[in-house]
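First residue of the sequence shown: 45, per the working numbering; consecutive thereafter. C-beta: ideal position from N, C-alpha, C; glycine also. Contents: one structure, followed by commentary.
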Amino acid sequence: METQPNNPLHGVKLVQILEELVDYYGWEHLGFLIKINCFNSNPTIKSSLKFLRRTPWARDKVENLYLKMIANRGAIAQK
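Below, the structure is given as structure tokens:
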């Protein structure tokens with residue numbers, strides 16, 4: 045199995061990313077930050093995962109927001 049030391053998303057499942065984003069931001073704010081219908085109209089983890097797995101541009105936005113969130117958490121923890 046190859047390791048990817050420079051990839052912070054290596055080994056992190058999409059469901060984990062989405063659950064952490066929802067816990068951190070909530071659906072309403074998440075829908076404001078990433079304007080996709082699955083976050084704004086009756087959002088659920090299941091429906092969002094289905095959409096994100098089929099839509100690469102939306103998944104990229106979610107992954108980038110997740111990276112920003114974990115960087116922000118690290119900055120707050122260091123203070």
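Between the CA atoms of H73 and N84 - distance to the nearest angstrom: Mapped onto the sequence shown, residue 84 falls at position 40. Mapped onto the sequence shown, residue 73 falls at position 29. N84 and H73: Cα-Cα distance of roughly 9 angstroms.
Exposure label - V59; buried when at least 16 CB within 10 Å: Position 15 of the sequence shown, counting from 1, holds the residue named residue 59. Looking at its Cβ environment, which holds fewer than 16 other Cβ atoms inside 10 Å, V59 is exposed.
Check whether L77 and Y110 have beta carbons under 8 angstroms apart: As a first step, residue 77 is located in the sequence shown; it is residue number 33 there, counting from the start. As a first step, residue 110 is located in the sequence shown; it is residue number 66 there, counting from the start. Result no, Cβ atoms of L77 and Y110 do not sit closer than 8 angstroms.
Nearest residue (CA-CA) to T88, options H54, N50 and L62: Here residue 88 is taken as the residue at index 44 of the sequence shown, counted from 1. When each option's Cα is compared against that of T88, the closest is L62.
Three-way DSSP call (helix, strand, coil) for P52 in this model: Residue mapping note: residue 52 aligns to position 8 of the sequence shown, counting from 1. In the structure shown, P52 sits in coil (DSSP, three-state: anything other than H, G, I, E or B).
Three-way DSSP call (helix, strand, coil) for N81 in this model: In the sequence shown, residue 81 corresponds to position 37, counting from 1. Helix.
7 angstroms Cβ shell around Y68 - same chain, five flanking residues per side excluded: Taking the first residue of the sequence shown as 1, we reach residue 68 at position 24. Hits under 7 angstroms: M113.
Status (buried if at least 16 other CB within 10 Å, exposed otherwise) for A102: Looking up residue 102 in the sequence shown gives position 58. A102 comes out buried.
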